[in-house]
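The numbering used here applies: residue 3 is where the sequence shown begins, and numbers increase by one.
Glycine included, C-beta positions come from ideal geometry on N, C-alpha and C.
None of the values given here were measured: they were computed from a predicted structure.
This report refers to the structure that appears directly beneath it.
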Amino acid sequence: MGVPQKSKVKKIQTSYVIQQEKQEHKKARRRKKIVIRLGFVATLALAASSLFLYTMMEQSSAIDQQIKRKEQLEEKLRTLQKDEKRLKEEIEKLNDDKYIAELARKQYFLSKEGEIIFITPDE
3 MGVPQKSKVK KIQTSYVIQQ EKQEHKKARR RKKIVIRLGF VATLALAASS LFLYTMMEQS
63 SAIDQQIKRK EQLEEKLRTL QKDEKRLKEE IEKLNDDKYI AELARKQYFL SKEGEIIFIT
123 PDE
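Okay, structure coming up:
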């Protein structure tokens with residue numbers, strides 16, 4: 003039971019059989035080389051695609067950050083443009099003598115002749 007039996011069939015050792023065995027051996031070696039090459043190429047392709055994917059993700063993240071920064075700067079620009087417009091209007095008003103007189107009366111409690119100033123508490 004534990005002893006394997008020897009095969010009673012013998013191979014024919016002709017030149018044709020030997021030649022066929024050599025060809026099969028060459029084919030097996032070629033297949034093995036092809037499998038190894040394909041594995042190597044697949045590994046390189048996987049590494050390259052991983053690198054490209056990582057680069058694409060990084061660039062996408064950088065673009066998103068730049069878009070957010072652009073939106074913030076555009077909002078700041080709108081605010082500054084509003085301030086500029088308000089300040090230009092203020093400059094125009096300050097060139098008007100009537101406005102300056104009114105402003106002086108309000109801020110420095112100056113009065114016209116015969117005018118009495120009453121200060122009321124702000125709510």
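Item, Value
"6 Å Cβ shell around L112 - same chain, five flanking residues per side excluded", "A106"
"Alpha-carbon to alpha-carbon, E76 and L53", "34 Å"
"7 Å Cβ cutoff, Q22 in contact with chain C", "Looking for chain C here will not work: only one protein chain is present."
"The alpha helix (DSSP H) enclosing K100, as first and last residue numbers", "D99 to Y110"
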